[in-house]
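Here's the structure, in structure tokens; my notes come after.
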Amino acid sequence: MTIQTVGIIGAGTMGNGIAQACAVSGINVVMVDISDAAVQKGLATVAGSLDRLIKKEKISEADKAAALARIKTSTSYDDLKAAQLVIEAATENYELKLKILKQVDAIVAPEVIIASNTSSISITKLAAATSRADRFIGMHFFNPVPMMALVEIIRGLQTSDATHDAVKALAEALGKSPITVKNAPGFVVNRILVPMINEAFFVLAEGLATPEDIDAGMKLGCNQPIGPLALADMIGLDVCLAVMDVYLTEFGDSKYRPCPLLKEMVAAGRLGRKTGQGVYTY
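Just so we're aligned: the sequence shown equals residues 790 to 1071 in this note's numbering.
See below:
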């Protein structure tokens, strides 16, 4: 299957980032959200991002105009009928995703592939709620989507080879470097990354070093572009805690227990950059 039009549900950070990546690569986009204000805000974000690329001389004004012309905005799922692939990029909430996926499944043609951009919810479980489990897949983009090369392609138990191959080909057409992953909590990257962040909080709680020195150590010693504590502030401490809770529940292994300091900071409302204070003050 050749994917020429991609439907995207959600015009937020991930949704508009995926829309930009598609449009710049010559793929038509239908970006849907619950209100016209939401989709227009998403489109404005894409325009602003393209303006920054123009200033850096990465693209021209003509490239920007062409990319924006490829993005159709809508508040109706009926407009997704034009797509060969629909990517759900809504908030990380199982019940919400389930509701959206069932609605889309009932509207689009049987041969259309449905993907979820979830970072933690079981692809096998989501696929089972649709009538096309073999044409359901995880397509986990990383933030900021236009800049990050990685896409985790997650195969549910039911995902067909044809579905996997079509989605992998699309990711490569977007200039991304996809990796194929089996369905499991956290998939690959977050399975390794978030416990590392959690361990950094244990190191901080034990007073082994200052936050600055912990982050400097990981940057200089492991060649990471950002330290784990600064990254936690960027992700959101509440998100890190929620992910660790999922791992502890799903695996039943105490090595995934959230650090008490992390729990304490979340309880205090110190969630990182979005609240102005986390490990660091912003």
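In this text, a Cβ means the ideal position worked out from N, Cα and C, and glycines have one as well.
Bear in mind the structure is a predicted one, so any value in this text is a computation, not a measurement.
Residues near Ala1021 in its chain [Cβ-Cβ closer than 6 Å; skip 5 each side]: Ile986, Cys1029
Extent of the continuous alpha helix (DSSP H) to which Ile1003 belongs: 1000-1011
Ala960 to Ser911 span [Cα, whole Å]: 21 Å
Alpha helix (DSSP H) runs contained entirely in the region 876-941, provided each spans 4 or more residues: 883-896, 912-917
The region 842-861 in contact with the region 896-914 per 3-pair CB rule at 8 Å: no
Buried versus exposed call for Met820 [16 or more other C-beta atoms within 10 Å across all chains shown]: buried
Assigned secondary structure, Leu946 (DSSP; H/G/I helix, E/B strand, else coil): coil
4-residue-minimum alpha helix (DSSP H) runs that sit fully inside the region 819-847, ordered along the chain: 825-844
Span separating the alpha-carbon of Ala973 from that of Asp1004: 29 Å
Range covered by the alpha helix (DSSP H) that runs through Pro967: Per DSSP, Pro967 belongs to no alpha helix (DSSP H); it is in the beta strand (DSSP E), 966-971.
Where Ile860 sits in the DSSP three-state scheme: strand
Same chain only: Cβ atoms within 7 Å of Leu1051, ignoring 5 sequence neighbours per side: Asn987, Phe990, Leu1026, Cys1029, Leu1030
Selected residue, minimal CA-CA separation from Arg859, among Phe930, Tyr1071, Ile797: Ile797
Neighbourhood of Ile966 by C-beta, 7 Å cutoff - its chain only, sequence neighbours within 5 removed: For the record, residue 966 in the displayed sequence is Ser; it is not Ile. Cβ within range, chain order: Ala938, Leu939.
Local Cβ density within 10 Å of Cys811, reported as buried at 16 or more and exposed below that: buried
Segment contact, 8 Å Cβ cut-off, at least three pairs: the region 800-819 with the region 860-878: yes
Outcome for Asn979 when other beta-carbon atoms lying within 10 angstroms are tallied against a minimum of 16: buried
DSSP bridge partner residues for Asn817 (one or two, in chain order): Thr794
Backbone secondary structure at Leu997 - three-state DSSP: coil
Close Cβ partners of Ser838 (< 7 Å) along its chain, the five nearest in sequence each way excluded: Gln809, Pro935
Candidates Met790, Gly806, Thr880, of which the one nearest Ala872 by Cα: Met790
Where Gln873 sits in the DSSP three-state scheme: coil
Whole-angstrom C-beta distance between Gly945 and Met925, which should lie under 8 Å: Checking the sequence, you will find Phe at residue 925 rather than Met. Going by Cβ atoms, the distance from Phe925 to Gly945 rounds to 6 Å, so yes, they are a contact pair.
Through-space distance from Ala994 to Ile942, alpha-carbon basis: 35 Å
Integer-rounded CB distance, given that Met928 should sit under 8 Å from Ala958: The Cβ separation is near 12 Å, so there is no contact.
Span separating the alpha-carbon of Thr1070 from that of Asp1042: 33 Å
Among Ile968, Gly804, Gly1058, the one whose alpha carbon lies nearest that of Thr880: Gly804
Cross-strand partners of Gly1061 (DSSP beta bridge): Gln1066
Alpha carbon of Ala922 to alpha carbon of Ala1056, nearest angstrom: 39 Å
Cβ-based burial, Glu850 [other Cβ within 10 Å; buried from 16]: exposed
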